[in-house]
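K.L.:
The structure follows.
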Amino acid sequence: MKKVFIPVLALALLGSCNVLDKEPLASVVPNNFFQNADDAESAITSAYDGLQMSGYYGQDLPNIGMMPSDDCTSTNNDVNALEIINWFPTTSQMGNAYRDMYRAINRANAVIKYVQPISMPTERRNQILGEAYFLRALHYFNLVRVYGGVPLHLDPTESADPGVVSIARASADDVYAQILADLAQAENLTTTTFGDNVLNRARATKTTVNALQARVFLTRRQWSDAQTAANKVLSNNTSVLATNFNALYPPDNNAESIFEVQFAGNSDGGFLLPDEVLPNPPATYSYAKFDIPTLYRDPRLAQPTDLTFAVDTVNDLRWKRGAKVTGGVSYVSVLYAGRNPAKQNDSGFFIYKWRSNPNGFNSPDNYYVLRLADVYLMYAEAANEQSGPTADALSKLNAIRQRAGLPALTLAQLATKQAFRDEVDLQRRRELAFEGERWFDLVRYARQTQADASASHKITALDMIQQKRNSRDVNYLLFPLPQSELNNNALIQQNPGY
Numbered sequence: 001m002k003k004v005f006i007p008v009l010a011l012a013l014l015g016s017c018n019v020l021d022k023e024p025l026a027s028v029v030p031n032n033f034f035q036n037a038d039d040a041e042s043a044i045t046s047a048y049d050g051l052q053m054s055g056y057y058g059q060d061l062p063n064i065g066m067m068p069s070d071d072c073t074s075t076n077n078d079v080n081a082l083e084i085i086n087w088f089p090t091t092s093q094m095g096n097a098y099r100d101m102y103r104a105i106n107r108a109n110a111v112i113k114y115v116q117p118i119s120m121p122t123e124r125r126n127q128i129l130g131e132a133y134f135l136r137a138l139h140y141f142n143l144v145r146v147y148g149g150v151p152l153h154l155d156p157t158e159s160a161d162p163g164v165v166s167i168a169r170a171s172a173d174d175v176y177a178q179i180l181a182d183l184a185q186a187e188n189l190t191t192t193t194f195g196d197n198v199l200n201r202a203r204a205t206k207t208t209v210n211a212l213q214a215r216v217f218l219t220r221r222q223w224s225d226a227q228t229a230a231n232k233v234l235s236n237n238t239s240v241l242a243t244n245f246n247a248l249y250p251p252d253n254n255a256e257s258i259f260e261v262q263f264a265g266n267s268d269g270g271f272l273l274p275d276e277v278l279p280n281p282p283a284t285y286s287y288a289k290f291d292i293p294t295l296y297r298d299p300r301l302a303q304p305t306d307l308t309f310a311v312d313t314v315n316d317l318r319w320k321r322g323a324k325v326t327g328g329v330s331y332v333s334v335l336y337a338g339r340n341p342a343k344q345n346d347s348g349f350f351i352y353k354w355r356s357n358p359n360g361f362n363s364p365d366n367y368y369v370l371r372l373a374d375v376y377l378m379y380a381e382a383a384n385e386q387s388g389p390t391a392d393a394l395s396k397l398n399a400i401r402q403r404a405g406l407p408a409l410t411l412a413q414l415a416t417k418q419a420f421r422d423e424v425d426l427q428r429r430r431e432l433a434f435e436g437e438r439w440f441d442l443v444r445y446a447r448q449t450q451a452d453a454s455a456s457h458k459i460t461a462l463d464m465i466q467q468k469r470n471s472r473d474v475n476y477l478l479f480p481l482p483q484s485e486l487n488n489n490a491l492i493q494q495n496p497g498y
C-alpha cells in the first residue's frame with residue numbers, strides 16, 4: 001500500500017540571532033504547506049492514498065459489497081456478521097468504513113480549499129481540483145450507498161470543536177445532489193486523457209468522471225442520464241475492451257481499466273479478500289468459504305488444472321480465468337464448495353483475480369473501481385429500461401458475452417424487456433464477480449422493484465435478507481451508522497430498525 005509522508009518542518013539552530021529570532025515552524029499546517037504546485041501535487045497524492053485505508057478499499061468496503069450477497073459465504077469471524085446479515089452499530093466494519101471514508105473526504109476537501117489560491121499553471125490547478133472533486137464524489141457515493149443520508153462535510157475539518165464536527169445528516173437526495181454537482185465540476189476541470197503518460201494512468205480523467213456518473217445515475221434509476229454518461233465513455237475511445245479476459249488480472253492500469261485503487265505491495269499491506277491464503281502458490285484466495293453455485297462455472301472465474309473437478313462443463317472463459325489452483329490440494333485440508341454442505345470436497349477452486357503475492361496482506365495487486373466492461377453493461381441496462389431491447393443495447397451486451405467466449409444472442413432470444421434485464425443481471429454477476437459490486441446491484445434491484453411494479457429481477461437484496469433473516473426487512477437495505485458516531489454527534493439519528 002502506498003503512503004505519502006508529509007515531513008514535519010523545523011528550523012535548525014545555526015548560531016544566528018536572526019534565525020533564532022524567527023518564529024519556529026514546528027509542523028506542517030495548511031497555511032504553511034500549500035505554497036506551490038509541488039505542494040498541490042503532494043496533497044492530491046495524499047488524497048488518492050485515502051482510498052487504500054483498511055476501512056475503505058483496503059478491506060472493509062469490498063467486504064461490505066460482497067459478503068451479504070449471493071456471491072460468497074465465509075466462516076471467517078471478521079466478516080461473518082456481514083455474510084449472515086446480522087450487523088449492528090457496533091460491528092467493526094460499520095465504524096471502520098465510516099471513519100476511513102470521512103478521512104478520505106477530509107483530504108479531498110483540503111485540496112479543494114487550499115489549492116485554488118496557489119500560483120501555478122491554470123491547467124495543472126484545474127486538473128488537481130477536478131481530481132479532488134471526483135474523489136469527494138466517489139467517497140460520498142460509497143457512503144450514501146452503505147448508510148443512506150450522511151452529514152455533508154464540504155470543508156476540511158481543522159478543529160475538534162463539536163460545533164464544527166457535529167452536523168446533522170443530509171437526506172440521501174441531498175447527498176446525491178452534492179455528488180452530481182461535484183462530478184459536474186470534475187468533468188469541467190479534468191483532462192480527457194493523459195495519453196501515453198503511464199505515470200498518470202492512475203489519475204482521474206473525464207472518462208473516469210463519466211463512468212462514475214453512469215453508475216450514480218443507474219443507482220438513481222435515471223436511465224436516460226445513465227445511458228448518456230456511459231455513451232460518453234464508450235465514444236471517447238480512451239479505454240478499450242481487452243480482447244483476452246485473462247489480461248485483466250491482476251489489475252495494473254491496463255487499457256480496459258478506468259479507475260483503480262493503487263497498491264504497491266510493500267510492508268504496509270495490500271488488498272485482502274476475507275478468506276484464507278495458501279502458503280505456497282502465488283496468492284490465491286480459497287473458494288472454500290465462498291458460495292460457488294453452477295453460475296460460477298464460468299470462464300471469467302476459473303482456470304483448469306490437472307486436478308479433477310466436480311463441476312459443470314461450460315464454455316464461458318470467465319470461469320477458467322478468474323480462479324486457479326497452481327499447486328496440489330495438499331496445501332489445504334478440506335475445502336467447502338459453497339453453502340450446500342453436500343458440495344463439500346477438495347474442490348481446489350480459488351479466486352484468481354488478485355494473485356501476485358504469496359502474502360495476502362502484502363499484495364501489490366490494484367483494485368478495480370471502474371472498468372470498461374461495467375460501462376458496456378450499464379449502457380445496455382439503461383437503454384433497455386427506457387425502450388426495451390434494441391440492436392444498439394444488444395451490441396453492448398454481446399460484446400461482453402463474446403469476449404467471454406459465449407455466443408452472441410439475438411433480439412428474438414431477448415425479445416422482452418424482462419428477458420433482456422435478466423441477461424444483463426446475469427452478465428453483471430459473472431463479469432464483475434468478487435469486485436465488490438454485487439450487494440449494491442442487489443440493493444438497486446430491490447429498490448427498482450419497490451418503485452416499479454412492472455419490473456422484476458430473479459434475485460434482489462430482499463431475497464437475500466429473507467433467506468438469511470427469515471423476513472423481507474427493508475431496513476437491511478442500509479447498514480447502521482456506527483455507534484461511535486452516535487456517541488460523538490448528538491445531532492445524528494440512527495437508521496430505522498437499528
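Once you know that position 496 of the sequence shown is 496 in UniProt numbering, the rest is easy, because the numbers rise by one and skip nothing. No residue lacks a Cβ here, since even glycine has one placed at the ideal position from N, Cα and C. A quick note: this is a predicted structure, and the numbers were derived from the prediction, not measured.
Once you ignore the five residues that flank ALA242 on each side, which residues in its own chain have a CB closer than 7 Å to its CB?
P.N.:
Excluding positions up to five away in sequence, the list reads LEU248, ASN254, ALA255 and GLU256.
K.L.:
In the DSSP assignment, find the unbroken beta strand (DSSP E) run with ARG169 in it and report its ends.
P.N.:
Counting along the chain, ARG169 falls outside any beta strand (DSSP E), and DSSP gives it neither H nor E.
K.L.:
According to the neighbour-count rule (16 or more other Cβ atoms, all chains shown, within 10 Å of its Cβ), is ARG401 buried or exposed?
P.N.:
Buried is the call here.
K.L.:
What does the alpha-carbon distance come out to for the pair LEU370 and GLN227?
P.N.:
Their Cα atoms are separated by approximately 16 Å.
K.L.:
Taking Cβ positions, are LEU372 and ARG169 nearer each other than 9 Å?
P.N.:
Cβ distance not < 9 Å, so LEU372 and ARG169 don't count as in contact.
K.L.:
What residues in its chain sit with their C-beta under 8 Å from that of LEU486, if we drop five residues either side in the sequence?
P.N.:
If we look at LEU486 and ignore the five residues flanking it on each side, its Cβ neighbours are PRO89, ILE492 and GLN494.
K.L.:
Tell me, please, which residues DSSP counts as bridged to residue 503.
P.N.:
Residue numbering for the chain in the displayed model covers 1 to 498; residue 503 lies beyond these limits and cannot be assessed.
K.L.:
Just the C-alpha distance for ALA12 and SER119, rounded to the nearest angstrom, thanks.
P.N.:
A caution first: ALA12 carries a pLDDT of 30, below 50, which makes its placement in the model unreliable, though a value can still be read off. Cα-Cα distance, rounded: 28 Å.
K.L.:
Tell me whether ARG125 sits in a helix, a strand or coil according to DSSP, three-state version.
P.N.:
Three-state DSSP puts ARG125 in a helix.
K.L.:
Within the chosen definition, does the segment 201-208 reach the segment 431-440 through at least 3 CB pairs nearer than 8 Å?
P.N.:
Not touching, per the Cβ criterion.
K.L.:
For ILE84 and LYS468, which I take to be in contact (beta-carbon distance under 8 Å), what is that distance rounded to the nearest angstrom?
P.N.:
Correct: roughly 5 Å between the Cβ atoms.
K.L.:
Can you grab the Cα-Cα spacing for the pair TYR114 / SER46, in whole Å?
P.N.:
Cα to Cα, the separation comes out at about 14 Å.
K.L.:
Leaving out five residues before and five after ASN475 in sequence, what residues of the same chain have Cβ atoms less than 6 Å from its Cβ?
P.N.:
Once the five neighbours on either side are set aside, the close Cβ partners of ASN475 are PRO496 and GLY497.
K.L.:
Are the segment 47-61 and the segment 99-115 touching by the rule of at least three beta carbon pairs closer than 8 Å?
P.N.:
Judged by Cβ distances under 8 Å, the segment 47-61 makes contact with the segment 99-115, as three or more pairs qualify.
K.L.:
Rounded to a whole number of angstroms, what is the C-alpha to C-alpha distance between GLU423 and VAL79?
P.N.:
Cα to Cα, GLU423 sits roughly 30 Å from VAL79.
K.L.:
Could you give the residue range of the alpha helix (DSSP H) that holds ASN398?
P.N.:
Run containing ASN398: 391-403, per the alpha helix (DSSP H) assignment.
K.L.:
Give me the Cβ distance between TYR367 and GLU260, rounded to the nearest whole Å; I'm assuming they're in contact under 8 Å.
P.N.:
6 Å between Cβ atoms; contact.
K.L.:
Express the C-alpha separation of ASN246 and GLU187 in angstroms, rounding to a whole number.
P.N.:
One C-alpha to the other measures close to 31 Å.
K.L.:
Less than 9 Å separating the beta-carbons of GLU385 and ARG221?
P.N.:
Contact: yes.
K.L.:
Roughly how many whole angstroms lie between the Cα atoms of ARG72 and LEU218?
P.N.:
Arg is not the amino acid found at residue 72; the sequence shown has Cys there. Rounded to the nearest angstrom, the two C-alpha atoms are 24 Å apart.
K.L.:
Along the chain, where does the alpha helix (DSSP H) that runs through MET94 open and close?
P.N.:
92-114 is the span of the alpha helix (DSSP H), which, as asked, contains MET94.
K.L.:
So, under 8 Å CB-CB, LEU481 and TYR176 are touching, yes? Tell me the CB distance rounded to an integer number of Å.
P.N.:
Between TYR176 and LEU481 the Cβ distance is about 18 Å, and since that is not below 8 Å, they are no contact.
K.L.:
In the DSSP assignment, find the unbroken alpha helix (DSSP H) run with LEU478 in it and report its ends.
P.N.:
Element bounds for LEU478: n/a, residue is neither H nor E.
K.L.:
Considering ASP38, what are the terminal residues of the alpha helix (DSSP H) in which it resides?
P.N.:
ASP38 -> alpha helix (DSSP H) spans 37-49.
K.L.:
Using only CA atoms, which one of TRP439, ALA229 and ALA412 lies nearest to TYR376?
P.N.:
Comparing Cα positions, the closest option is ALA229.
K.L.:
In this structure, does DSSP put PRO281 in helix, strand or coil?
P.N.:
Low confidence applies to PRO281: its pLDDT is 29, below 50, so where it sits in the model is not reliable enough to give any reading.
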